[in-house]
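Heads up, the thing below is written out as structure tokens.
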Amino acid sequence: MYRSSEQSPVGGFRARLHTIIFEADTPAGKAFDVALMWAILFSVVAVMLESVTPVRERYGSALSIAEWAFTAIFATEYVLRLIAVRRPLDYARSFFGLVDLLAILPSFLSVLFPGAQTLLVVRVLRLLRVFRVLKLGHLLGQAEILMTALRASRGKITVFLGFVLTVVVIMGSVMYLVEGEAHGFDSIPRAMYWAVVTMTTVGFGDITPKTIPGQFIASVLMIMGYGILAVPTGIVSVELAAAARGPVDTQACPGCGNQGHDLDARFCKACGTALDWKAPKPPATP
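Heads up, the sequence shown is in this note's numbering, so the first residue is 695 and it goes up one at a time.
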């Protein structure tokens, strides 16, 4: 006899709420997501306009009211998302859960720290949901491949950055010794800053070597910079090729709201909740 999993989504209000908030396959869900995207766009525009002095002086009160109104809307939506999933804590710790929380925190922080509302522009990250709303599931799959490659490259890139930092310390110390305070290298940290700027081929020009040995060292460091910039690109490219796989499902987990599951996945890879739309059907009763 077929029995539903204890992790399957509950019925009633929470199930309907989950369908509207997390799924764009229904008219109500798509309307919710489209309205949410417009609210995000308007809220970001309001924050930007508030930073323009003439606009702030003339419409400051209206923009402030708009910011708090959008904050109230997003705070209500965040609470509803926590109610709609079976595992609220898992959703709260997910990428989109953290972005949703960061979208409302700056408004409250601005009460204690004036100007913190400028950080509300983080709301633009919430527009990443547009991939699901517009049925761009193949792009979700590419994003998942990219994240897998970056995670796999983490160890190699950490070792590489350690090597780069070592070179910066050594070359900065050498340039401090060769050039000295008379030519702007008044401390080892200052010389390390010059080494970073030189290795990354930025070359601000605020500090430049004046002696022939210093210019020779700078030339060697600049040539090294071209090779160093290519290393992380190669590492990630190899991992991208290894991580390439088939398309992913765009529907959200009923437990934590996570997306990007394999098409043949039966359980959420983040929280283990059964994916109800892939659950086996009960046998027909005679």
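Ideal Cβ positions, reconstructed from N, Cα and C, are used throughout, including at glycine.
Computed from a prediction, not measured in an experiment: that's the story for all the values here.
Boundaries cannot be given for S788, as no alpha helix (DSSP H) includes it and DSSP labels it neither H nor E.
Collapsing the DSSP output to three states places A760 in a helix. Restricting attention to H712, T765, G706, V746, the CA atom closest to the CA of L735 is found in T765. Counting only residues of its own chain and dropping the five nearest sequence neighbours on each side, H877 has a CB closer than 6 Å to the CB of K904. Taking a contact to require three or more Cβ pairs closer than 8 Å, the region 795 to 803 and the region 716 to 728 do not qualify as touching. With a beta-carbon spacing of about 26 Å, V793 and R750 fall beyond the 8 Å limit used to define contacts. Distance from the Cα of E761 is smallest, within the candidate group W732, I798, R780, F790, for I798. Taking each of P907, A740, P926 in turn and checking the Cα distance to I759, the smallest one comes out for A740.
Inclusion of R708 and A778 in the CB contact set at 9 Å is warranted, their separation being smaller than that value.
Residue burial annotation: I906 is exposed, with fewer than 16 other C-beta atoms found within 10 angstroms of its C-beta.
R780 is a Cβ neighbour of G949, given a cutoff of 9 Å.
Excluding the 5 residues flanking it on each side, E873 has same chain C-beta neighbours closer than 8 Å at F879, A885, P903, K904, T905, G908, in chain order. Of the residues S931, P721, T894, I911, the one whose Cα lies closest to the Cα of G921 is T894.
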